[in-house]
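Counting in the numbering used here, the final residue of the sequence shown is number 182, and the numbers go up one at a time with none missing.
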Amino acid sequence: MSRFACLLAALFLLLAMPVMAQADDDIEADDARHAGYYYPEPDEVEAYKPRSRVMPDSSRERRIGFTTVLATQLLKEGQPRLAIFAKGAEAEKLIIVGLEDGFLSTIYRVRAMLAMMTAAARSTPMLQEMAVADIFTFLDVLNLLGFDQITISDGDEFAHTIVFQPDDDS
Numbered sequence: 013m014s015r016f017a018c019l020l021a022a023l024f025l026l027l028a029m030p031v032m033a034q035a036d037d038d039i040e041a042d043d044a045r046h047a048g049y050y051y052p053e054p055d056e057v058e059a060y061k062p063r064s065r066v067m068p069d070s071s072r073e074r075r076i077g078f079t080t081v082l083a084t085q086l087l088k089e090g091q092p093r094l095a096i097f098a099k100g101a102e103a104e105k106l107i108i109v110g111l112e113d114g115f116l117s118t119i120y121r122v123r124a125m126l127a128m129m130t131a132a133a134r135s136t137p138m139l140q141e142m143a144v145a146d147i148f149t150f151l152d153v154l155n156l157l158g159f160d161q162i163t164i165s166d167g168d169e170f171a172h173t174i175v176f177q178p179d180d181d182s
């Protein structure tokens, strides 16, 4: 199992905490604060319809734990190429920022990175046991944890936001 797959497996052990909600106006205020501070205004905002449902016990603590473990693993591997963190009152926004010039500077590089993260997530015991390893993407895993969007940026001129828009019955 790859190092990243092991990391994702460890992250799924964090899946056991309560849920909270955030008002829409708070979300808009957070968006305004983050764009221009952590990343440039997104070139595009994409809607994604997740295949997963948010786990009933997803929580702010779990999302922070998820990003903390990912960030810690990146630091262990030497000079990280990206920063990963959660923002928002409920840590519902995942932000990934490239730390090297040219890294994550196009939508194609962003999609390639998400594809690699999907491959790693699919090898985790959790997705295997849920029998969704061949169906869920990394974005579906984020939705499962209760993230409502992800923004990926090169930290210079490019940013892309994906907002999760689940079915009403999710």
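Ideal placement from N, C-alpha and C gives every residue a C-beta, glycine not left out.
Within the model, the alpha-carbon separation for T149 versus L157 is close to 13 Å. Around the beta carbon of G167, 16 or more other beta carbons lie within 10 angstroms, which makes this residue buried. Taken atom to atom, the span from the alpha-carbon of D146 to that of R72 is near 27 Å.
In the structure shown, E104 falls within a coil segment according to DSSP collapsed to helix, strand and coil. By the C-beta density criterion, V153 is buried, having at least 16 other C-beta atoms within 10 angstroms. Judged by DSSP secondary structure, Y120 falls within the alpha helix (DSSP H) whose first and last residues are I119 to R134. In the structure shown, the three-state DSSP call for G167 is coil. Here the C-alpha atom of V66 lies approximately 17 Å from the C-alpha atom of T130.
Between the region 109-126 and the region 165-179 there are three or more inter-stretch CB-CB distances shorter than 8 Å, so the stretches are counted as touching. At a Cβ-Cβ threshold of 8 Å, K99 and Q161 do not count as neighbours. Counted as a single uninterrupted DSSP element, the alpha helix (DSSP H) harbouring E73 occupies residues R72 to K88.
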